[in-house]
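Taking it in order: structure first as structure tokens, then the write-up.
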Amino acid sequence: MKINFTPDSSSDIGSGYEKAWQDGRVDLATISATDLRYSFFEYPVDFIVDDHTFLSREEVPLVDIMFTLGRSLESLRSAGAAEIDFTENSYVIHLELVGDRVRFTSSHRAPAVPPECPFDDYAAAVRTFITSGVARLVENRPALAENPVLDELRALVSDPAGDGTGNQE
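Right, dumping it as structure tokens:
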């Protein structure tokens with residue numbers, strides 16, 4: 015299980031915001047969740063499960079993919095299924111909880127045998143991805159530390175109940 019991103023500071027500011035950024039009219043401490051999710055920090059992301067590549071250096075908005083992955087954990091726990099979808103295209107990665115494992119299928123490039131990994135491995139990879147993403151954003155753009163959107167992201171990966179699915183055997 016591998017989920018990571020490659021920072022690219024040249025992709026921090028989305029198109030349409032360059033002039034406002036240069037003029038000092040963009041305040042990352044107060045910018046909306048929607049703008050952060052879809053207009054900033056488009057980085058190459060890799061998502062690989064059991065040697066099957068679902069994403070390979072696909073440029074996606076980092077904040078959006080972090081929210082989507084974090085919410086996938088909640089959905090797997092509550093409903094036993096989740097989706098990772100992308101605003102910019104029709105590609106969808108489907109996740110299904112089968113016992114204590116997550117099975118991955120996709121709308122495109124689906125392997126004959128769907129890859130799987132233990133739920134705990136997926137949860138750990140998502141937590142690491144989000145934690146490192148938030149750390150990178152704050153390190154590179156300190157004003158973001160004040161934005162409540164990052165608190166929402168941190169809350170998605172704080173799990174007082176532990177890493178498991180919550181099912182008691």
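Here our numbering is used: the first residue of the sequence shown is 15, the next is one more, and so on.
Beta carbons are placed, not taken as given, at the ideal position from N, Cα and C, and that holds for glycine.
Relative to the Cα of PHE133, the nearest Cα in the group ARG155, GLY28 and SER86 belongs to SER86. DSSP, read as helix, strand or coil, puts ARG71 in strand. Under a 10 Å Cβ-count criterion, ALA96 is classified as buried, with 16 or more other Cβ atoms of the shown protein chains found around its own Cβ. Per DSSP, the continuous beta strand (DSSP E) segment holding ARG115 begins and ends at 115-120. Its Cα nearest to that of LEU170, the residue ASP78 stands out among ASP78, HIS66 and PHE68. DSSP places TYR136 within a helical segment (H, G or I) once states are collapsed to three. Bounds of any alpha helix (DSSP H) do not take in VAL106; it lies within the beta strand (DSSP E) bounded by 106-112.
For the options ILE98, ILE107 and SER29, the alpha carbon positioned closest to that of PRO128 is the one of ILE107.
Taking C-beta atoms as the reference points, PHE54 and PRO21 fail to come closer than 9 Å. Shown here, ASP26 sits in coil according to DSSP, grouped into three states, outside any helix or strand. PRO58 has GLU73 as its beta-bridge partners, per DSSP. Per DSSP, ILE144 has no beta bridge partner at all. By alpha-carbon distance to LEU164, the top candidate from GLU130, ASN103, THR48 and SER121 is THR48. Ranked by Cα distance from GLY84, the options ASP99, SER29, ASP37 and ALA34 are led by ASP99. Per the Cβ contact rule, the stretch 29-40 is not in contact with the stretch 58-66 (fewer than 3 Cβ pairs under 8 Å).
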